[in-house]
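Using the numbering used here, read the sequence shown as starting at 2 and increasing by one per residue. Each residue gets a CB set at the ideal place from its N, CA and C atoms; glycine is no exception. Since we're looking at a predicted model, the values are computed, not measured. These notes concern the structure reproduced below.
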Amino acid sequence: MVFKSWDSFCLPRREGGVNIKEILVWNKTLMMGWLRKIEVDSPTIWVKWIKAYVLKGTSFWEVSTTAASSWGWMNILRCRDDLVQAVGGVIEAKSFLLAVDYRSCIYDLLRLKGVPSSRYHILGDSFVYPKHGVIGLLAM
């Protein structure tokens, strides 16, 4: 089996890939974990500091970047905007973040989608070690 690009290699097995996470999309997904911590008012020092000194009583969903915003804060707000755009609104984004398994939900929402493969039933998705999955796909 020949992969045309890294994007097709990073697809799930059921879509013809090797089930390796695309690192840029996964990084964005993990950055959105900070959105969840702010939304659920996590009892961490960082969230308390953000709410007291950066948000200053305004809603996290309405705040915008300023010239004094740090690089990390601008990236978190950019991820917030990406999530709102991908889901279709602020209310949907809030419910998405409150999902039980929000990381896999967000990753599935942001990743590239492939066409379901007819070879999926040969390798399956469970009980396959990553090394054996790669060797099995290369052998096809």
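Q: Could you tell me which of L31, N20 and V85 sits nearest to E63, measuring between CA atoms?
A: V85
Q) Would you say the stretch 24 to 42 touches the stretch 98 to 105, given that touching needs at least three Cβ pairs under 8 Å? A) yes
(Q) Would E16 and V91 qualify as a contact pair, given that the criterion is a beta-carbon distance under 8 Å? (A) no
(Q) Measuring straight from C-alpha to C-alpha, what distance separates A68 and V19? (A) 42 Å
Q: Using 10 angstroms around the beta-carbon of I46, count the other beta-carbons present and answer buried if the total reaches 16, otherwise exposed.
A: exposed
Q) Does the distance from the C-beta atom of W35 to that of I77 stay below 8 Å? A) yes
(Q) Tell me the rounded alpha-carbon separation between G89 and Y108. (A) 16 Å
Q) So the alpha helix (DSSP H) N28 belongs to, where does it begin and stop? A) I24 to E40
Q | Element boundaries [alpha helix (DSSP H), containing S71] | A | Neither: S71 is in no alpha helix (DSSP H) and is coded neither H nor E.
Q. For I21, which of helix, strand or coil comes out of DSSP?
A. coil
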